[in-house]
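A.B. asks: The structure follows.
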Amino acid sequence: MNSLLPDCTSKCRSLQHALDVISVVTRGSEGQIKAFLSSYCYNAATIKDAFGRNVLHLASSCGKKGVLDWLAETKGVDLLAKDKESGWTALHRSIFYGYIDCVLSLLKHGVSLYIQDKEGLSALDLVMKDRPVHVVFKKTDLTEVYTWGNNINFTLGHGGQQSKHHPELVDLFPRNSVYIKQVF
């Protein structure tokens, strides 16, 4: 591994550097990724490939939560950056690929659920697009229910009337051994 290439500056936009960074993020372990990003390129945390994807987009797409947290907390990456192809943020990618731990981490770092892509879809809209027409529940399925939104008149199933900006577990169902199928 090269130690900060001589032609690399704090304003580096090298496509080769971006491709190298993306390759390491998709294939490396958390420790390898952090070491590589810290020593390979001055601009490794923000450099983009030809599709406008940065290291945060790839970490979110690959479920690398530790790298995602490290980038957000120490490298000052733009958590709202959109790619060129679809206008997706790291949150869109985490939801699309099913990495809920990355989704929760991004939400904890202040990313909004309502940022829209080029088609006007929020990350939550992607979830709804992908759902089956008919859902069959079994007793062995998970019984957790999460709600968020306006809780006036206790409509969300939480104890207070405060609005919920992030999904929160409704603990009424597991406490009373009620299954989702019994609710629907």
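Residue 144 in UniProt numbering sits at position 144 of the sequence shown; the count goes up by one each step and never skips. Ideal Cβ placement from N, Cα and C applies to all residues, glycine included. On a predicted model such as this, the values are computed, not experimentally measured, just so you know.
#1: Could you tell me the alpha carbon to alpha carbon distance between Thr9 and Gln162, rounded to whole angstroms?
#2: Helix, strand or coil, according to DSSP, for Gly110 in the structure here?
#3: Taking the alpha-carbon positions, what's the residue 185 to Phe96 distance?
#4: For the alpha helix (DSSP H) holding Gly66, just list the boundary residues, first then last.
#5: Within 10 angstroms of the Cβ of Lys118, are there 16 or more other Cβ atoms? Answer buried if so, exposed if not.
#6: Under the assumption that Gly149 contacts Tyr99 (Cβ atoms under 8 Å), give the Cβ distance between them as a whole number of angstroms.
#7: Between His17 and the rest of its own chain, which residues show a CB-CB distance below 6 Å, the 5 nearest in sequence each way excluded?
#8: If you check the beta carbons only, do Ser107 and Ala90 fall under 9 Å apart?
#9: What whole-angstrom Cβ distance do Val67 and Ile33 have, given they're in contact under 8 Å?
#10: Just reading off the alpha helix (DSSP H) that Tyr97 is part of, what are its end residues?
#11: Are the beta-carbon atoms belonging to Ala45 and Lys75 less than 9 Å from one another?
#12: Among Ser61, His109, Gly120, Phe36, whose alpha-carbon lies nearest the alpha-carbon of His166?
#13: Find the nearest neighbour of Arg13 within the set Leu172, Ser61, Arg53, Leu124, judged by alpha-carbon distance.
#14: Please name the residue in Asp49, Asp171, Val24, Val178 whose C-alpha comes closest to that of Tyr146.
#15: Under the DSSP definition of a beta bridge, which residues are partnered with Tyr146?
#16: Given a threshold of 16 other Cβ atoms within 10 Å of its Cβ, counted over all protein chains shown, does Asn43 qualify as buried or as exposed?
C.D. replies: If we stick to the structure as given:
#1: By one-based count along the sequence shown, residue 9 stands at place 9. By one-based count along the sequence shown, residue 162 stands at place 162. Straight-line Cα distance between these residues: approximately 48 Å.
#2: Looking up residue 110 in the sequence shown gives position 110. Coil at Gly110, not helix or strand.
#3: Limits of the chain in this structure are 1 at one end and 184 at the other, which puts residue 185 out of reach.
#4: As a position in the sequence shown, residue 66 is number 66, starting the count at 1. Element bounds for Gly66: 65–70.
#5: Start at 1 with the first residue of the sequence shown, and residue 118 comes out as number 118. Taking all protein chains in view, the Cβ of Lys118 is surrounded by fewer than 16 other Cβ atoms within 10 Å, so the residue is classified as exposed.
#6: By one-based count along the sequence shown, residue 149 stands at place 149. By one-based count along the sequence shown, residue 99 stands at place 99. Taking the Cβ atoms as the reference, Gly149 lies roughly 23 Å from Tyr99, outside the contact range of under 8 Å.
#7: As a working mapping, residue 17 is identified with position 17 in the sequence shown. Excluding sequence neighbours, His17 sits near Cys41, Ile47.
#8: Here residue 107 refers to the residue found at position 107 of the sequence shown. Here residue 90 refers to the residue found at position 90 of the sequence shown. The sequence given here places Leu at residue 107; Ser does not occur at that position. No; because the gap between Cβ atoms is not below 9 Å, this pair is not in contact.
#9: As a first step, residue 67 is located in the sequence shown; it is residue number 67 there, counting from the start. As a first step, residue 33 is located in the sequence shown; it is residue number 33 there, counting from the start. So it is a contact: roughly 5 Å between Cβ atoms.
#10: The residue you call residue 97 lines up with position 97 of the sequence shown. Note, Tyr97: alpha helix (DSSP H), 90–97.
#11: In the sequence shown, the residue the question calls residue 45 occupies position 45. In the sequence shown, the residue the question calls residue 75 occupies position 75. With respect to the 9 Å criterion, Ala45 and Lys75 are classified as neighbours on the basis of their beta carbons.
#12: Translated into the one-based positions of the sequence shown, residue 166 becomes position 166. Comparing Cα-Cα distances from His166 to each of Ser61, His109, Gly120, Phe36, the minimum goes to His109.
#13: Locating residue 13 in the sequence shown gives position 13, counting from the first residue. Ranking the options by Cα distance to Arg13, first place goes to Arg53.
#14: Residue mapping note: residue 146 aligns to position 146 of the sequence shown, counting from 1. Measuring from the Cα of Tyr146, the nearest candidate turns out to be Asp171.
#15: Translated into the one-based positions of the sequence shown, residue 146 becomes position 146. Leu169, per the DSSP bridge assignment.
#16: The count along the sequence shown starts at 1 and reaches residue 43 at position 43. By the neighbour-count definition (other C-beta atoms within 10 Å, threshold 16), Asn43 is a buried residue.
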